[in-house]
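K.L.:
The structure follows.
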Amino acid sequence: MSIFRKSIKLLRKRNKKIGLPPGTLIYTGERKPEQEKVTIIDYNDKKIDIRELKELKINLKETEKEFVRWINITGLGQMEVIEELGRQFDLHPLLLEDVLNPDQRPKIENYGNFLFLILNIIWWDNKEKNIQSEQVSLILGKSYVMTFREFENDLFFPIVDRLKQAKGRIRKMEEDYLLYSLIDIIIDNYFVIIEKIGNKIDKIEEDLIDNPTINTLQEIHSLRREVITLRKSIWPSRSVINSLQREEAFIKDSTQIYLRDIYDHIIQIIDNFENFRDIISSLLDIYLSSVSNKMNEVMKVLTIISTTFIPISFLAGFYGMNFTHMPELSSLYGYPILISIMIIIALIMLMYFKRRRWI
Amino acid sequence: MSIFRKSIKLLRKRNKKIGLPPGTLIYTGERKPEQEKVTIIDYNDKKIDIRELKELKINLKETEKEFVRWINITGLGQMEVIEELGRQFDLHPLLLEDVLNPDQRPKIENYGNFLFLILNIIWWDNKEKNIQSEQVSLILGKSYVMTFREFENDLFFPIVDRLKQAKGRIRKMEEDYLLYSLIDIIIDNYFVIIEKIGNKIDKIEEDLIDNPTINTLQEIHSLRREVITLRKSIWPSRSVINSLQREEAFIKDSTQIYLRDIYDHIIQIIDNFENFRDIISSLLDIYLSSVSNKMNEVMKVLTIISTTFIPISFLAGFYGMNFTHMPELSSLYGYPILISIMIIIALIMLMYFKRRRWI
Amino acid sequence: MSIFRKSIKLLRKRNKKIGLPPGTLIYTGERKPEQEKVTIIDYNDKKIDIRELKELKINLKETEKEFVRWINITGLGQMEVIEELGRQFDLHPLLLEDVLNPDQRPKIENYGNFLFLILNIIWWDNKEKNIQSEQVSLILGKSYVMTFREFENDLFFPIVDRLKQAKGRIRKMEEDYLLYSLIDIIIDNYFVIIEKIGNKIDKIEEDLIDNPTINTLQEIHSLRREVITLRKSIWPSRSVINSLQREEAFIKDSTQIYLRDIYDHIIQIIDNFENFRDIISSLLDIYLSSVSNKMNEVMKVLTIISTTFIPISFLAGFYGMNFTHMPELSSLYGYPILISIMIIIALIMLMYFKRRRWI
Amino acid sequence: MSIFRKSIKLLRKRNKKIGLPPGTLIYTGERKPEQEKVTIIDYNDKKIDIRELKELKINLKETEKEFVRWINITGLGQMEVIEELGRQFDLHPLLLEDVLNPDQRPKIENYGNFLFLILNIIWWDNKEKNIQSEQVSLILGKSYVMTFREFENDLFFPIVDRLKQAKGRIRKMEEDYLLYSLIDIIIDNYFVIIEKIGNKIDKIEEDLIDNPTINTLQEIHSLRREVITLRKSIWPSRSVINSLQREEAFIKDSTQIYLRDIYDHIIQIIDNFENFRDIISSLLDIYLSSVSNKMNEVMKVLTIISTTFIPISFLAGFYGMNFTHMPELSSLYGYPILISIMIIIALIMLMYFKRRRWI
Amino acid sequence: MSIFRKSIKLLRKRNKKIGLPPGTLIYTGERKPEQEKVTIIDYNDKKIDIRELKELKINLKETEKEFVRWINITGLGQMEVIEELGRQFDLHPLLLEDVLNPDQRPKIENYGNFLFLILNIIWWDNKEKNIQSEQVSLILGKSYVMTFREFENDLFFPIVDRLKQAKGRIRKMEEDYLLYSLIDIIIDNYFVIIEKIGNKIDKIEEDLIDNPTINTLQEIHSLRREVITLRKSIWPSRSVINSLQREEAFIKDSTQIYLRDIYDHIIQIIDNFENFRDIISSLLDIYLSSVSNKMNEVMKVLTIISTTFIPISFLAGFYGMNFTHMPELSSLYGYPILISIMIIIALIMLMYFKRRRWI
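Protein chains in written order, with our numbering: chain R, 1 to 359; chain G, 1001 to 1359; chain P, 2001 to 2359; chain A, 3001 to 3359; chain H, 4001 to 4359.
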C-alpha cells in the first residue's frame, strides 16, 4: 500500500472519533495492533541491565541513582499499559492521544518536566519492496527516555547493541545522548529512501530513452506522489530538531554538536527531496515529449508511404477505367511510358521527403 | 452548487449593498434565511439548564453566578434578534454586519471585553453528496459564549450531548473550554472533507489507468477548483488559532494545551491540501499524457494497416489497368507470382513494424 | 481598450517626459483631459454647504471652525488649478507630478502636516462592457480632505448623498471618517469586478464543456492578462491601508475599526485574485486537454473507417485485375464466397475496435 | 547581440583572469575599449565651468570652495587614468576592478569617505533596434560625484544641459541631488524598455491570432530570455536605492523625497517585469494551444474527405471486379441504383459530421 | 558520470555506515582514495618554506613566530594521518567524519579556537568534457590554515605560485587572507561552469531551430538535472560566506572587503543559475512546440495530397466498374470530359488549401 493511500486510510479511522471528547484513547493505526511489549534498559558507565516488563504495577519512574533508563514500548493495542504509564509519568491525555493516533505531524512539545517528540520513521521494506512508515513518539525526561512504537522491528537494534557492547561513547553519556542516538538512526533511514528513489529515477530515465510506455508514466506519477508525501513528513522534522537544540534544560552542551550534525542531515535530506521534485517533473515533460516524438515518427511513416503511392495508385485506377475511347490504352508504348511516369513520380516524392529531412 | 459558484453568488448579493453606509444590517447569505432560534444553555459542574428563548426582552447578559452561558443563534433572517443582542452585549455595528454577511474570511478581533471569531464550517452533505460550507461567528466573553449560525443542523449536537451527560471534562471547565470544544468540532470536520477528497483522487487515478474520458477531465478540474477554494477558507484559520492562543485574558492556561492541539490539526489539514494541489496537478499531467498515448496507439493501428495494404493495393490496381499490351496479364504464372510478391511485401512491412516495436 | 494595453499607452506618454527636470507638471493620462471642476463641501453635525469653485484666488485652506472641508477636483487638464492648490496647501512638486501621472502604484506618504494617498479605482463600465481604471489621489489634512480624479463620474455620489441627507454617522464624524468612506467605496468596487470575472470564468467553463473554440482560448488569455494586471493594482493597496492604520496622528481611534474592516476586504479581494489565477491556469489546461481529446475522437473515426475498408477494398481491387488465368473469377461461387469473406473481415475489425473501446 | 549572449561573452573574458591576484586591473568589457575622456564640471548656484581633462597630473580632489565637482570618465581602455584617479581619491583596488569588469550586479558600498554605486544602464538602441546594456559606476563623495562609463553617448546629456542652462533646481542643490539626477535618468530608461517589450508582446499577440508560425515561437522565447536577463539587472537596484536612502551622512533630507520617488519607479518597473513574465508564459501556452487547434482542423478535413469517399470508393472497386457471375452488373437498373446508394452513403456521412460539429 | 548519479552513488556508500556509532572514520568518497600527501607551507613577508611531510609524529601545531602555516592534505585514504591531525589540533570526531564523507552540504562551524568550513569545488574537466565536483574542508585557526582535499590536482597551484613569487599582497597578509584566496579560487571556478552551461544552452538553441531530435531533448534534460544539482551546492555557500564575514575573531577588518567581493560573486553565480533554470524550462517548451509544429507540417502534406487525390481516384474507380449499362463509357466525349472534371476538382482543392494558408 502506498504512503498516500495509507494516510487516507488512517484518516478514515480517525474520522470515526469525531464528536468524542478530546483525550479519548483509541488506537487508530492502520494495521491490527500488536501485543504490547515493554522493554526496560538501565545503564551507566559500568553496568547495564535489560529486562522485559511482565507486571504492570511496578513503579517505573524511580531508577537507581546514576542510571539512565530507556523504556521502549512496542505495539499500541492494549490501553492499560499506556494508561498506567500516563499515570506514573503524569502524561497529559492529549499527549497519549497523539501517541495512539498515527499520521501526526512531527512535533516537539515542552511539558516542563519532560520533552515530548513525535517523528516519522520511514524505512525501506526489503521484502515488500516498498516504503514503510511508522510513527515513533519519544519522551525525554530527567535520566529517562521513553519510546513508543506501533510495531516491533529491528530498527533500534544497533542502539541496543552499542549499549550492550559499550561501543562508541553512548554508555559514557547521559539520556540526551541516547535520545540523539535514537533520532540519528531514524533520520539516517531517510538516506536509504533517498538512495532508493534515486535508483528509481535512474531506472525511469533509462526506460524513457529506450521505450517509454504507459507503465513508465504510472511509475513517474507514483514516484511523484511518494516524494510529495515524504516531504510532508520530513519538513517539520527540521524545526523539531531546531527547537530541540534550544531546549537547554534537557540537552547538555556536549550533545549540542551532535544535534547540529542531525540538523545538517535533515537539511541535506530536504535538499534531496526538492531536487527530486524538480527532476521528476522534468521526467514527465520528457515522457510527454518522447510520446510526441514517437507519434511524429509514426505520422511520418504513414505520410511517406501514403503520399508516395496515392498519385501512382490514382494513375493505375485511371487506366483501369472502361471508357471505350481511351487512345492510350491501345497504344503500343502506353504501358511502358506509364511505368516510367510512375517511377518518376515516386522518385520526386522521395526526394521531397529527403529535402524535408523526413527520411 | 459548487463552493466556487456559491462564493460568486454571495458576491452578487453583497455588491447590491455598495454605497449603503457601513453597519447597515442585511443578511446576504445565499439561501432563504431560516427562522431564527435562540437556545440558551447555562451550566456548571453540578447543574445544567437548556431552554429556548421565546421572548426577546429578557436580559441575556446577566447569568447566575458560577454559571457558564452558551447562547446559540441559528437562522439569521430577522434583524430584531440580532439587533437586540447587539444592544445588550454592546456589539459594534460592523461586527453584526460581519455576522450577517457570509463569505467572510476567518478572523479574530479583540473588542476589549470580548473576543470575536469568524470561522468557516465545511461539512460533507451525505444527502447531496457534496461539500457544504457555512459561516459561524463566535463571541467569547466573561462566562459566556455566543455562536451565530446561518442554518440549524446537528453539527454542535455532540457538544450539547456531552454537556447534558457531563461526558469528558467539559462541565468542569469554563467558557474558554466550551469555545475550544466548538472550534475543535469545526476543525475536525475538515478531516472528513480531506478523506472524501482523498477518495475522489483514488477513484480518478483508477479511471485514468482504466479508461480516461472527458468526464475524468471535468472531475479533475472541479476537484482542483474545490481544493483551491477550500484552501482559501482554512489558511486564515491558522493565524486565527495562533492569535487565540495569545489572548491570555480570555484563555486560561489549562486550555492552552488544547488550542495547541487544534493548531496542530490545522497545520495537518493545510499540509494535506498542499499535497492535494500537487497531486491533482500531477493527475492532469497524467490525463494529458494518457490521451497522447491513446492517440499514439490509434495512429499506430491506422499506420500499420494503411501502410501494409497501400503497396499491395497499388499492385492490384496496377494489374487492373486495361492496356492492350500488358504481357504479364496473359502470362500463365503472372497471377501466382503476383500473389507471392504481395505476401512478401506484407511480410516485410510487418517485420519493419516489429523492429520499430509498433507491434 | 484592455487594462494592459492602456498601461503601455500611458508609458509611451510618460517616456516623452524623460530628461525633463523632476517636478515638471504635465498631465500624462490616456484620454483627453477634461475641464477641471472643483467642488467644495463644508459640513459638520448641523450644517452642510456644497458649492463649486468659480474663482481661483480664494483661500481654500481656511475653513470655518468646527467644519470638515472636502475639496474634490475632477479633470486634470489645466495646470493653474493644480498649481494654485499646490501653493496654498504647500504641496511638493513631486506630489503634484504623481497626481498628474496616472499609472502610479498605490502608495501612502506622510508629509508631516498631511497624508498623501494614491489608489486605483477599478470599475465596471456597463456601457462598454469592460473594466475601467482611474487613478485617484487623496490628501488627508487637519479638518480637510482633498481628492483628485481624472474624470467626473458618479462614483463618489453615494458619499455626497449620505452627507446631504446625514445618513449613517458620516456627518457626526470627522475628516478621517470621510477618508475612510471614500476608500471604502473605492475598495467595494473591486468586489463588482470580482463578480464579473467570476461570471466570465463560469461562462468559459460552460464553453469548454460544450464546444471549445479558438475564441475560448483568446477569452482565457485576455482574462488571465486582466487578472495579472489587476493584481498589480490591488496588492500594494494592502500595505497602504496597513500603513494608514498606523498613522495615529491623522486617524482617530474610533475610525481604526473601520479601517480594519477595509483591510479585511482587501485581503478577501487578494484571496479571490489568487484563486482566479489558479483557476484560469487550470482552464487553459482543460482547453488543451479537450482539444487533444477532440483530436483523438477525430483520429478514431478516421482510423475505424479507414482500417475497416482498406482490407476489403484491397480484395475488391484484387479481383478487378485483368489476369487471363484467375480461376476464382470464373468459379460459380467465387462471388458469394468473396462477399462472405469481406463481411467476416469487417466484423473482425469492428470487434477489435470494440475490444479496444474505440466504439 | 542579445543581452543573454553578451553576458556569456563577458564571462569568457572574465574567466581568463582566474588565478590572477585580486585587484589586477584589466578591462573585461565586450567591445573594444574606447579612448578615455575625462570631463570635469564645476558648478554652484552662480557659476559653471565645463572642461576636458588633458593632463593627468592635476590634483582633481581639491575644488574651489562652494563648488560641486562632477568628474565624468567615459571609455575604460587606458589603465593610467583609472590608476591615477584611484591614487588621488584613495580608491580600493577591488573597487577599481569592479569599475573595469562589466556584468557586475548593481550594488552600493560605503567606503567611509565616499559611497560607491554600480548600476546597469539599459537603453533602446534605435539604430540596431535592440536593447543595449552598459555598466555605470558612481562615486558620491563630499562635494564631488564621479561617474565611470564604458562608452560615450548622450545619455547624460540632459543633465549637462540642465546644469548649463540652470533649468530646474539642480544648480541650487548639492552633489547628492546631482547623484539623484543621474540615477533618475538611468532608471527612467527602463520605462522605455518596458514600453518596447509591451509593444513586442502586443505584436506577438496579434501574430498568434492571425497566423502563428515557428518564428512567433522564437520571438516568444527570445523575449522571455530578455525579460529574465533584465529582471536580473533591475532587482538588485531596488535594494541599492533602499540602502542609499539610509546613507544619511551623504544624502541630505531635501533629497530624500526624490530618492523615494526613484524607489517608487523601481518598484513599478519590477511589477511590470513580473507581469511580463506571467504574460509571456501565457503567450507560449496560447501558441501551443493554437498549434494543436490547427492540427485539429487539418485532421478534420482529412477525416471528413477520407471517410466520406472510402465507403463509396469501395463500392466502385467492388463493381470493378471481373467475376463472371455478378448478376448486378448486367441488371438494367444496377448502375442508377448504385449511384443512389453512393449518394445516400455520402449524405449520411456528412450528416454524422454535422452532428458532431465537425463541419 | 553526471553530478546527479555521483551523488546517488555516494549515498549508497554512506548508507552502509548506518548503525555505526557517530564519529566512526571511514572514507565514503566515490573513487579509490589516493595516497595521502601532506604539504606544509610556512611563510611571512620575508621568507617562505615549502616541504612535504614524511613522518607523522612531528608537532604540526607549533610554528615559528610570525609565520603563517598552510597545511594542505590531499588524498583521504589512510586514516592515520587524519587521526593524528585530529589529535594534534583537537578536532572533534564529527568534524573528521564530515571531512571524510563527501557530498556534505557547504557549511561553517565555529569551534571556539578555529573555524571549520566545507565547500564544494566544481571544475570543468577538459579531458572528460564534463563537470567534476569535489569536497574541500578548510580549517582557519590562529596563524594556520588547513585544507583537506580528496584528490591532488592543480586547482590551488596559482595560490602556491603567488606565495612563492610574492605576487600581489598575499605574503604581506595573514592567515585570513590565505583563506580568502583559497575560497576565491574555489568560487571563481563556478564562473567557468556557468560559461560552459551558457555555451551548451546556446548550442541547444541552435539545434532547436535547425533540427530538434530526441537527442536534443536528452541534452536539455541532462542540463536541467545538472543545473538543479549545482544549485544545491552553491546556494548554501552564500550563507557560509555571509557567516564568515561576521566571524570577527578570525577575520581581520582588512580582509572583510575581500570577503564582500566573494559574496558578490556568489550572488552573481546564484543569479545565473536561476536564469538558467528559467531558460532551460523555456527550452523544453520550445522543444515541445517545435515537435508539434513539425507534426503539423507532416499532417498538412498528408492531408493535402490525400484529399486532392481521393475524389478523383474515386471517379477513376467509378468508371472502372463493369456494369453493362453505363452510357458514359461508350460516349465519345466521356473520357475528355472526365479528365477536365478531375482537373477542376484538383484545382478547387488546391485553392481551398491556399485560402486556409496550408500551402
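Every residue, glycine too, gets a C-beta built ideally from N, C-alpha and C.
Which of the three DSSP states is assigned to GLN3132(A) in this structure?
P.N.:
Strand at GLN3132(A).
K.L.:
Compute the beta-carbon to beta-carbon distance between ILE2131(P) and ILE2193(P), rounded to the nearest angstrom, for a pair I have assumed lies under 8 Å.
P.N.:
About 6 Å separates the two Cβ atoms, so the contact holds.
K.L.:
Quick one: does ILE4270(H) have its CB under 7 Å from some CB of chain A?
P.N.:
Not an interface residue.
K.L.:
Excluding the 5 residues preceding and the 5 following LEU4011(H) in the sequence, name in chain order all residues of the same chain whose CB lies nearer than 6 Å to its CB.
P.N.:
Closer than 6 Å at the Cβ level, and outside the excluded window around LEU4011(H), lies no residue.
K.L.:
Could you check if ALA249(R) is buried or exposed, using at least 16 other CB atoms within 10 Å of its CB as the buried criterion?
P.N.:
So ALA249(R) ends up on the exposed side.
K.L.:
Could you check how far apart the C-beta atoms of THR3028(A) and ARG3014(A) are, in whole angstroms? I think they sit under 8 Å.
P.N.:
Contact flag correct, Cβ pair sits at about 5 Å.
K.L.:
Are the beta-carbon atoms belonging to SER2137(P) and ILE2118(P) less than 7 Å from one another?
P.N.:
Cβ atoms of SER2137(P) and ILE2118(P): closer than 7 Å.
K.L.:
Can you tell which of LEU2329(P), HIS2325(P), ILE2304(P) and ILE2305(P) has its C-alpha closest to the C-alpha of ALA2316(P)?
P.N.:
Minimum Cα distance to ALA2316(P) is reached at LEU2329(P).
K.L.:
Of the residues that make up the segment 2321-2344 of chain P, which ones have a beta carbon closer than 7 Å to any beta carbon in chain G?
P.N.:
The segment 2321-2344 of chain P vs chain G, Cβ under 7 Å: MET2321, ASN2322, PHE2323, THR2324, HIS2325 and MET2326.
K.L.:
Can you grab the Cα-Cα spacing for the pair LYS1057(G) / THR2147(P), in whole Å?
P.N.:
Rounded to whole angstroms, LYS1057(G) to THR2147(P) spans 46 Å at the Cα level.
K.L.:
By the 9 Å beta-carbon criterion, what residues does the segment 3198-3217 of chain A contribute toward chain P?
P.N.:
Against chain P - using a Cβ distance shorter than 9 Å - the residues of the segment 3198-3217 of chain A are GLY3198, ASN3199, ILE3201, ASP3202, GLU3205, LEU3208 and ILE3209.
K.L.:
Using a Cβ-based criterion (distance less than 6 Å to any ligand heavy atom), does ILE1241(G) qualify as near the ligand MN?
P.N.:
Of ligands this structure carries none, so the ligand MN is not represented either.
K.L.:
Enumerate in chain order the residues of its own chain whose CB-to-CB distance from TYR4263(H) is below 8 Å, with the five nearest sequence positions on each side excluded.
P.N.:
Hits under 8 Å: ARG4238, ILE4241, ASN4242 and GLN4245.
K.L.:
If I follow the unbroken beta strand (DSSP E) through MET2299(P), where does it start and stop?
P.N.:
First-last for MET2299(P): 2253-2318, but that is the alpha helix (DSSP H), not the beta strand (DSSP E).
K.L.:
Would you decide whether GLU150(R) is buried or exposed? Buried here means 16 or more other CB atoms lie within 10 Å of its CB.
P.N.:
It counts as buried.
K.L.:
How many Å lie between ARG87(R) and PRO93(R) at the Cα?
P.N.:
The straight-line gap from Cα to Cα measures roughly 10 Å.
K.L.:
Of all the CB atoms in chain H, is at least one closer than 7 Å to the CB of GLY3019(A)?
P.N.:
Yes, its Cβ sits closer than 7 Å to a Cβ of chain H.
K.L.:
Which residues of chain P have a Cβ atom closer than 9 Å to the Cβ of PRO1022(G), listed in chain order?
P.N.:
Here the neighbours are GLY2168, ARG2169, TYR2180, SER2181, ASP2184, TYR2258 and ASP2261.
K.L.:
Please identify the residue among GLY141(R), ASN126(R) and TRP123(R) whose C-alpha is closest to the C-alpha of ASN110(R).
P.N.:
That would be GLY141(R), whose Cα lies nearest to the Cα of ASN110(R).
K.L.:
How is ILE3018(A) classed by DSSP in three states: helix, strand or coil?
P.N.:
Coil at ILE3018(A), not helix or strand.
K.L.:
Mapping DSSP to helix, strand and coil, what is GLU2052(P)?
P.N.:
DSSP places GLU2052(P) in strand when its eight states are reduced to three.
K.L.:
With 16 as the cutoff for other CB atoms within 10 Å, does GLN1135(G) come out buried or exposed?
P.N.:
It counts as buried.
K.L.:
Within the 7 Å Cβ cut-off, does GLY4141(H) reach chain R?
P.N.:
Chain R, which has no Cβ nearer than 7 Å to the Cβ of GLY4141(H), makes this no.
K.L.:
With three or more C-beta pairs closer than 8 Å as the rule, is the segment 4225-4237 of chain H touching the segment 4260-4278 of chain H?
P.N.:
Flag = yes, the segment 4260-4278 of chain H and the segment 4225-4237 of chain H touch.
K.L.:
Run the CB neighbour count on MET1(R), radius 10 Å, all protein chains shown included, and call it buried at 16 or more, exposed below.
P.N.:
Low confidence applies here, because MET1(R) scores a pLDDT of 49, under 50, leaving its location unreliable; read the following figure in that light. MET1(R) comes out exposed.
K.L.:
Distance, Cα to Cα, GLU3083(A) vs GLU3052(A)?
P.N.:
About 18 Å.
K.L.:
Express the C-alpha separation of GLY2077(P) and ILE2187(P) in angstroms, rounding to a whole number.
P.N.:
ILE2187(P) and GLY2077(P): Cα-Cα distance of roughly 26 Å.
K.L.:
My assumption, with CB atoms under 8 Å, is that ILE2204(P) sits in contact with ILE2214(P). Please give the rounded CB distance.
P.N.:
Their Cβ separation, rounded to whole angstroms, is 13 Å, which puts ILE2204(P) and ILE2214(P) out of contact at 8 Å.
K.L.:
Going by DSSP, what residues sit across from ASP125(R) in a beta bridge?
P.N.:
In the DSSP output, where bridge partners are listed per residue, ASP125(R) has ASN130(R).
K.L.:
Using the Cβ count rule (16 or more neighbours within 10 Å means buried), how would you classify ILE3073(A)?
P.N.:
Buried, since its Cβ has 16 or more Cβ neighbours within 10 Å.
K.L.:
Would you report the Cα separation of PRO2021(P) and ILE4359(H), rounded to the nearest angstrom?
P.N.:
Rounded to whole angstroms, PRO2021(P) to ILE4359(H) spans 56 Å at the Cα level.
K.L.:
DSSP three-state label for PHE116(R), please.
P.N.:
PHE116(R): strand per DSSP, three-state reduction.
K.L.:
Please confirm if GLY2086(P) has its CB atom under 7 Å from at least one CB of chain A.
P.N.:
No, because no Cβ of chain A sits closer than 7 Å to the Cβ of GLY2086(P).
K.L.:
Check whether the segment 337-357 of chain R touches the segment 2336-2356 of chain P, counting contact only when three or more Cβ pairs, one atom from each stretch, lie closer than 8 Å.
P.N.:
Counting Cβ pairs under 8 Å, fewer than three are found: no touch.
K.L.:
State the DSSP-derived secondary structure class of GLU4205(H), mapped to helix, strand or coil.
P.N.:
Correct three-state label for GLU4205(H): helix.
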